[in-house]
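S.K.: This is the structure I want to talk about, given as structure tokens.
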Amino acid sequence: PIVKGSAKLALEGDKGELGEQAILALAQALDTYIPTPERAVDGAFLMPVEDVFSISGRGTVVTGRIERGIIKVG
């Protein structure tokens, strides 16, 4: 689909058909045409480490993308 609109107008608060309405239509079109990826939440947790940072007052922090499983607070 082709969705005509202006992100600039939407950011400026324009509620017309080229402003916020167009951005909402674009989001709806994306939700319709792009399937939600299957997530492997049943397996063991797997997160390849992409980078490591040393943050003063916090310690060592790693970043990465969760490939499998889930993570919970606590």
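My numbering runs 6 ahead of the 1-based position in the sequence shown.
Beta carbons are placed, not taken as given, at the ideal position from N, Cα and C, and that holds for glycine.
To the nearest angstrom, how far is the alpha carbon of M53 from that of G65?
M.R.: As a first step, residue 53 must be located in the sequence shown, where it is residue number 47. As a first step, residue 65 must be located in the sequence shown, where it is residue number 59. The straight-line gap from Cα to Cα measures roughly 19 Å.
S.K.: Can you give the Cα-Cα distance for A28 and S60, rounded to whole angstroms?
M.R.: Taking the first residue of the sequence shown as position 1, residue 28 is located at position 22. Taking the first residue of the sequence shown as position 1, residue 60 is located at position 54. Taking the straight line from one Cα to the other gives about 43 Å.
S.K.: Can you tell me which of F51, L24, K78, E73 puts its alpha carbon nearest to the alpha carbon of I8?
M.R.: On the sequence shown, position 2 is the one that residue 8 refers to. The shortest C-alpha separation from I8 is found at L24.
S.K.: Could you compute how far the alpha carbon of K78 sits from the alpha carbon of T42?
M.R.: Here residue 78 is taken as the residue at index 72 of the sequence shown, counted from 1. Here residue 42 is taken as the residue at index 36 of the sequence shown, counted from 1. The alpha-carbon atoms of K78 and T42 are separated by roughly 22 Å.
S.K.: If I'm right that G75 touches A50 with Cβ under 8 Å, what's the distance once you round it to whole angstroms?
M.R.: Reading the sequence shown from its first residue, position 69 is the one you call residue 75. Reading the sequence shown from its first residue, position 44 is the one you call residue 50. Sure, about 6 Å apart at Cβ, within 8 Å.
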